[in-house]
Amino acid sequence: GAGVSQSPSNKVTEKGKDVELRCDPISGHTALYWYRQSLGQGLEFLIYFQGNSAPDKSGLPSDRFSAERTGGSVSTLTIQRTQQEDSAVYLCASSLGVGGAGRTEAFFGQGTRLTVV
Amino acid sequence: RKEVEQDPGPFNVPEGATVAFNCTYSNSASQSFFWYRQDCRKEPKLLMSVYSSGNEDGRFTAQLNRASQYISLLIRDSKLSDSATYLCVVNPRYNFNKFYFGSGTKLNVKP
Chain A
1 GAGVSQSPSN KVTEKGKDVE LRCDPISGHT ALYWYRQSLG QGLEFLIYFQ GNSAPDKSGL
61 PSDRFSAERT GGSVSTLTIQ RTQQEDSAVY LCASSLGVGG AGRTEAFFGQ GTRLTVV
Chain B
1 RKEVEQDPGP FNVPEGATVA FNCTYSNSAS QSFFWYRQDC RKEPKLLMSV YSSGNEDGRF
61 TAQLNRASQY ISLLIRDSKL SDSATYLCVV NPRYNFNKFY FGSGTKLNVK P
């Protein structure tokens, strides 16, 4: 596709249930990021994938959160045993991942709005 | 200390005004700099990259001051449609693909 695609766009789930959020990055982009944005707040870094390297998981808030990226393309973010404080917009972004002098701006998907009731 | 700090605002300005935002970053090894714009309930979108020599795109001017570790965004002749949150983004030299986002500065342009 032309841009970063995320699904679902909205998800309402009951407390304690597991959810999976999907991100389809721009074709050819080797870097993929997950961020979380609570209402009226800034972007909170969750996890970052770069090619075949080990992901940077330093932003994951608890062990209920995990993410994988299969075949260097599609990524899924899984939240187990959801809590009300997990309610937020989950944003995925991708970038070319070019080093050196290359300018590697990130392009965002429209996000998944997660509501835990 | 946060990697990137911004004044959250809001900046309330009349149409036609000139408004400037600053953003400071803590890592002197930062490599690339960007301003993103985020409309209410939308995803962030790239507004402009920030080059060492400064750059201009229409009514928008971005400046980088490496010595003082800040970047700025100047908006001239503000339009109602400029109302949004402006996010400062910094990309460190040691990891070209790690982006640090500021929490954003909210701009409200009033008629």
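Protein chains in written order, with my numbering: chain A, 1 to 117; chain B, 1 to 111. Positions of the beta carbon are idealized from the N, C-alpha and C atoms, including for glycine. Predicted model only: the values in this text are computed from it and were never measured.
Chain B places no beta carbon closer than 8 Å to that of tyrosine 90 of chain A, leaving this residue out of the contacts. With contact defined as three or more Cβ pairs closer than 8 Å, the stretch 5 to 25 of chain B and the stretch 107 to 116 of chain A are not in contact. For a Cβ distance threshold of 7 Å, nothing in chain B lies close to threonine 112 of chain A: the least Cβ distance comes to about 11 Å. Think of a sphere of 7 Å around the beta carbon of leucine 46 of chain B: the chain A residues whose beta carbon falls inside it are Glu105, in chain order. Proline 92 of chain B and serine 32 of chain B have their alpha carbons spaced roughly 7 Å apart. Within the same chain, and ignoring the five residues on either side of glutamine 83 of chain A in sequence, the residues whose Cβ sits closer than 7 Å to its Cβ are Lys15 and Val116. Contact fails between the stretch 52 to 61 of chain B and the stretch 16 to 25 of chain A, because fewer than three Cβ pairs, one in each stretch, are under 8 Å apart. Contacts between glutamine 41 of chain A and chain B, judged by CB atoms closer than 8 Å, involve Ser103 in chain order. Cβ-Cβ separation between leucine 43 of chain A and glutamine 37 of chain A: approximately 5 Å, consistent with a contact (criterion under 8 Å). DSSP, reduced to helix, strand and coil, places aspartate 7 of chain B outside both helices and strands of the structure shown, so it counts as coil. Boundaries of the beta strand (DSSP E) around asparagine 55 of chain B: 55 to 57. Judged by pairs of C-beta atoms under 8 Å, the stretch 85 to 94 of chain A does not touch the stretch 61 to 77 of chain B, as fewer than three such pairs exist. In terms of beta-carbon proximity, phenylalanine 99 of chain B lines the interface with chain A, with at least one pair separated by less than 8 Å. Scanning the stretch 61 to 96 of chain A from its first residue to its last, the whole beta strand (DSSP E) runs of 3-plus residues come out as 65 to 69, 75 to 79 and 88 to 95.
Close to glycine 72 of chain A, with beta-carbon spacing below 8 Å, lies no residue of chain B; the smallest spacing is near 14 Å.
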